[in-house]
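Chains A and B supply the protein sequences, listed in that same order.
Residue numbers for the first sequence follow our numbering, so the first one is -9 and each next one is one higher.
Residue numbers for the second sequence follow our numbering, so the first one is 39 and each next one is one higher.
Glycine is no exception: its CB is placed at the ideal position from the N, C-alpha and C atoms.
Quick notes on the structure that follows.
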Amino acid sequence: AQSVTQLDSQVPVFEEAPVELRCNYSSSVSVYLFWYVQYPNQGLQLLLKYLSGSTLVKGINGFEAEFNKSQTSFHLRKPSVHISDTAEYFCAVSGGSSGNTPLVFGKGTRLSVIA
Amino acid sequence: NAGVMQNPRHLVRRRGQEARLRCSPVKGHSHVYWYRQLPEEGLKFMVYLQKENIIDESGMPKERFSAEFPKEGPSILRIQQVVRGDSAAYFCASSPGGANQPQHFGDGTRLSIL
């Protein structure tokens, strides 16, 4: 069975500082990896995805993530955060050769950007 | 292009009543997923449907919960005889099918049980 661990439930960071949100997964098969962002009272918006190829993936809003197969990690990074980045971030995995499988989510990391 | 549309956004029911949650996928998407989010928790998978078929319902409680995705019209998640523990945000996602296609999420229905 697949599982996703987001090691930090809350991450406070000052505006314009860099941030890393950690995500580790476990799976016995090849996986697809995703980061989603959720703003209050809204649904989830896709930030970026890793399907195959280059292990460094760039997404929207200046975020990027690096897939590390040996460490089974997919950490999300941004070099300089803005107040508007305050939100909940979810790492998710789906498995197998098709993307048409249910997503398994981590419990989320609440990013709070401080002015 | 309209995204995934869920209604109602908020739903209040008394214990024992029925709750019906609707989801219209992105136009052209034939795969629908339902997830439940409890406070301070991530989303948990409930059921995966393609048009007129349930593909995977391994996350759905065995009793009181059902889902459908008819040939015409939205997908419906139905909860009969609701209890306090059903209070949660329910999210629908859709995808067009095929590998490499991420899921697109609606804004959710927040269900409150009195």
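Short Cβ contact (9 Å threshold) for residue i with residue j
i: residue 25(A); j: residue 38(A); result: yes
i: residue 75(B); j: residue 144(B); result: no
i: residue 0(A); j: residue 80(A); result: no
i: residue 50(B); j: residue 130(B); result: no
i: residue -7(A); j: residue 17(A); result: yes
i: residue 148(B); j: residue 52(B); result: no
i: residue 4(A); j: residue 77(A); result: no
i: residue 13(A); j: residue 65(A); result: yes
i: residue 35(A); j: residue 98(A); result: no
Between the CA atoms of residue j and residue i - distance to the nearest angstrom
i: residue 117(B); j: residue 108(B); result: 17 Å
i: residue 82(A); j: residue 31(A); result: 20 Å
i: residue 54(B); j: residue 6(A); result: 50 Å
i: residue 23(A); j: residue -2(A); result: 18 Å
i: residue 59(A); j: residue 113(B); result: 37 Å
i: residue 46(A); j: residue 63(A); result: 12 Å
i: residue 110(B); j: residue 10(A); result: 44 Å
i: residue 150(B); j: residue 100(A); result: 23 Å
i: residue 120(B); j: residue 44(A); result: 47 Å
i: residue 89(B); j: residue 69(A); result: 43 Å
Per DSSP, cross-strand counterpart(s) of residue i
i: residue 65(A); result: 56(A)
i: residue 45(B); result: 60(B)
Contact with chain A by residue i, beta-carbon distance below 9 Å
i: residue 131(B); result: yes
CB contact check: residue i to chain B, cutoff 9 Å
i: residue 92(A); result: yes
i: residue 31(A); result: yes
Exercise for the section: Jot down the residue ranges of each uninterrupted beta strand (DSSP E) in the segment 55 to 125 of chain B, minimum 3 residues, whole runs only, in chain order. Expected result: When DSSP assignments are scanned along the segment 55 to 125 of chain B, the uninterrupted stretches of beta strand (DSSP E) that are 3 or more residues long and fall wholly within it turn out to be 57 to 62, 69 to 75, 81 to 88, 91 to 94, 103 to 106, 113 to 117.
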